[in-house]
Amino acid sequence: MDRETGQLPRVVPTTSSIKRIKVLSLGDAGVGKSCLIKRYCEGKFVSEYIPTIGIDYGVKSATVEEEEVKVNFWDVAGDPVYYEVRNEFYKDTNVASAAAVLVFEVGSKKSFQSLEKWVQELRSLCDENIAVFLVANKIDVPAREVPISDSQDYAASNNFRYFEVSALTGYQVNELFGAVFRTALSTIPP
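In structure tokens, the structure reads:
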């Protein structure tokens, strides 16, 4: 405060060169969405299943194509009871600076069969051109119920990028998120 005038000093907003990216994670409860994000952000795996209540939010700094970015992770609950909560968080998701990670578990045919429901939910509430990455998680499990060819065909028919990962071992997790970030960053106008 200026002692002579009694007014607060004028604050001039600075323009930050750091860009923001929004990443939505979607899929049935228990497929490992939160574990994938935790593996990427903290480099560790949480073996105890703790269901997401509503939505979890996190921010991580990353360097993408030699550019510093802030990544906002929106980890939405997979339980159908949280549809209305998820609905609110989809609203401001547009093509510029955003991507969706659609996760299923290779050991659960049911989670794979639910993908269409998630795609419809995403498309009805977000811009239809948002970049979507189909992610086959838990590839370390011995009893695979979803053949690679089925998931690759589904990804190709929907124009999704496809990754097979393991949140448990960390296999391909950094590669997945690197591709997600590069894609989202490429949609931001200069």
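Heads up: the sequence shown is residues 931 to 1120, going by this note's numbering. Beta carbons are placed, not taken as given, at the ideal position from N, Cα and C, and that holds for glycine. The structure displayed is predicted, hence computed values, not measured ones.
- Nearest to Phe1107 by alpha-carbon distance, out of Arg1074, Ala1085 and Lys952, is Lys952.
- Taken through DSSP and simplified to helix, strand or coil, Arg950 comes out as strand.
- The three-state reading of DSSP puts Ala1097 in coil, since its state is none of H, G, I, E or B.
- The beta carbon of Lys963 sits closer than 6 Å to those of Ser955, Gly957, Asp1005 and Val1033, all from its chain and outside the five residues before and after it, given in chain order.
- Counting the other Cβ atoms within 10 Å of the Cβ of Val1095 gives 16 or more, which makes it buried.
- Here the alpha carbons of Pro1119 and Ala1097 stand approximately 32 Å from one another.
- In this structure, the beta-carbon distance from Lys949 to Val1031 does not fall below 7 Å.
- Remark: C-beta atoms of Ala1114 and Ala1029 approach each other more closely than 7 Å.
- Judged by DSSP in its simplified three-state form, Lys974 adopts coil rather than helix or strand.
- Boundaries of the alpha helix (DSSP H) harbouring Phe1042: Lys1039 to Gln1043, taken from the DSSP string.
- The continuous beta strand (DSSP E) containing Val1033 extends over residues Ala1028 to Glu1035.
- DSSP places Glu997 in the strand class (E or B) of the three-state scheme.
- DSSP places Phe1063 inside the beta strand (DSSP E), whose first and last residues are Ala1061 to Asn1067.
- Judged by their CB atoms, Val1065 and Phe1093 are nearer to each other than the 7 Å cut-off.
- Annotation: Lys1039 to Trp1048 spans about 15 Å, alpha carbon to alpha carbon.
- With contacts defined as CB atoms closer than 7 Å, Phe1111 and Val989 fail to qualify as a contacting pair.
- With a 10 Å radius around the Cβ and a threshold of 16 neighbouring Cβ atoms, Glu1058 comes out exposed.
- In the displayed model, Val989 falls within a strand according to three-state DSSP.
- Secondary structure at Arg1074: coil, using DSSP grouped into helix, strand and coil.
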